[in-house]
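K.L.:
To convert a position in the first sequence, counted from 1, into this note's numbering, add 288. Sharing a structure, written as C-alpha cells. Questions coming.
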Amino acid sequence: MKKLGRSFFHQDAIKLARALIGTILVHRVRGKEYRARIVETEAYLGPNDLASHSSKGRTKRTEVMFGPAGHAYVYLIYGMYNMFNIVVGKTGKAQAVLIRAAEPLDEWQADLSGPGKLTRALKITRSYHSMDLCGDRLYLLSGSRIRLRIKRSKRIGVEYANEWKDKLLRFYDADSPAVSGNVSCRTRPSNAMLL
DNA sequence: GCGTCGATGGCA
DNA sequence: GCCATCGACGCG
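Following this line, the structure appears as C-alpha cells:
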C-alpha cells in the first residue's frame with residue numbers, strides 16, 4: 289500500500305469519489321494511529337453544483353476549496369457534527385469529495401457509518417480545516433480493489449439543490465455493512481471482525 | 001421497523 | 001433562518 293500523493297487528488301471529483309472507495313484513511317494523533325477503509329463518498333462538482341458550498345462563492349469557509357487539491361475542507365453542520373471533505377480536481381475548480389463512511393481496521397472498534405459519526409470517532413475536528421493531506425498527520429493509502437463492487441445513488445441531504453439534487457454523485461461499496469443508513473451494520477459483525 | 005423531531009452553532 | 005446529521009422516542 290502506497291501513500292497517495294498530490295497528483296492523485298488532482299483528478300476530477302467524480303473519478304476520485306469512485307477511486308477513493310477502498311482506500312485507507314490514516315490519522316496519527318497523540319501517539320496512536322487510527323486506520324479505516326473508506327466505503328462511501330460523495331462528489332461535489334464546484335460552483336455550478338448547487339449542492340456544493342463552493343456555489344456560494346469564495347468565503348472564509350469555502351476559500352480552501354478554491355486552492356490546490358489534497359487539502360481538507362472541514363466544516364460544522366447542525367451545530368454538532370464535523371464533515372470531512374477532500375479538495376480535489378484542478379486548482380480553482382473548487383471541487384470536493386465528502387467522506388461519508390468507513391470500516392475501522394486493525395483492533396480498533398468504532399461505528400464509522402455516517403459522515404458525522406466518522407469524524408467523531410476519528411477525532412477529525414475543524415482544527416483540521418485546510419490541512420495538507422499529503423503530510424504525516426492525516427493521509428491516505430491505496431487499498432486493495434479486488435472484487436470491489438461500487439454502486440452509485442443520489443446524494444444524501446441535498447433536497448434544496450434543485451436540478452442537482454438527484455444526480456448520481458454518491459458512491460459506495462455494495463458489500464460493506466458500514467455504508468450509512470445500512471441497518472445491518474448494527475445487527476451484524478463488520479467484515480474486519482469476521483476475519 | 002418505521003416516521004418524526006429536537007439538539008445546537010456557524011455562517012450568509 | 002438555514003443546514004452535505006444523529007439518535008431518541010412513540011407507535012400499536
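Every residue gets a Cβ at the ideal spot worked out from N, C-alpha and C, and that includes glycine.
Quick one: give me the first and last residue of the beta strand (DSSP E) that Pro-392 is part of.
P.N.:
To locate residue 392, count along the first sequence from 1; it is residue 104. Where Pro-392 is concerned, the enclosing beta strand (DSSP E) stretches over 383 to 392.
K.L.:
Rounded to whole angstroms, what's the CA-CA distance from Ile-434 to Tyr-448? Just pull it up for me.
P.N.:
Residue 434 sits at position 146 when you count from the first residue of the first sequence. Residue 448 sits at position 160 when you count from the first residue of the first sequence. One C-alpha to the other measures close to 37 Å.
K.L.:
Ala-331: which of Arg-458, Lys-291, Gly-380 sits nearest, CA to CA?
P.N.:
If you number the first sequence from 1, residue 331 lands on position 43. Comparing Cα-Cα distances from Ala-331 to each of Arg-458, Lys-291, Gly-380, the minimum goes to Arg-458.
K.L.:
Using alpha carbons as the reference points, say which of Pro-356, Tyr-363, Glu-321 lies closest to Thr-379.
P.N.:
For the purposes of this step, residue 379 is identified with residue 91 of the first sequence, where counting begins at 1. The residue with the shortest Cα to Cα distance from Thr-379 is Pro-356.
K.L.:
Once you ignore the five residues that flank Ser-418 on each side, which residues in its own chain have a CB closer than 7 Å to its CB?
P.N.:
For this step, residue 418 is matched to residue 130 along the first sequence. Excluding residues within five positions, the ones whose Cβ falls inside 7 Å are Val-352, His-359, Ala-360.
K.L.:
Are Met-368 and Val-362 touching if we call contact CB-CB under 8 Å?
P.N.:
Here residue 368 corresponds to residue number 80 of the first sequence, with the count starting at 1. Here residue 362 corresponds to residue number 74 of the first sequence, with the count starting at 1. Their beta carbons are not under 8 Å apart, which means Met-368 does not touch Val-362 by this criterion.
K.L.:
How about Thr-311 and Gly-431: are their beta carbons less than 8 Å apart?
P.N.:
Numbered from its first residue, the first sequence carries residue 311 at position 23. Numbered from its first residue, the first sequence carries residue 431 at position 143. For Thr-311 and Gly-431, yes; Cβs fall inside 8 Å.
K.L.:
I'd like the span of the alpha helix (DSSP H) that includes Thr-407, first residue to last.
P.N.:
Along the first sequence, one-based indexing puts residue 407 at 119. For Thr-407, the enclosing alpha helix (DSSP H) begins and ends at 403 to 410.
K.L.:
Roughly how far, in whole angstroms, is the beta-carbon of Ala-389 from the beta-carbon of Val-327, given that I think they are within contact range, below 8 Å?
P.N.:
As a first step, residue 389 is located in the first sequence; it is residue number 101 there, counting from the start. As a first step, residue 327 is located in the first sequence; it is residue number 39 there, counting from the start. Indeed, because the Cβ distance is near 5 Å, the residues count as touching under 8 Å.
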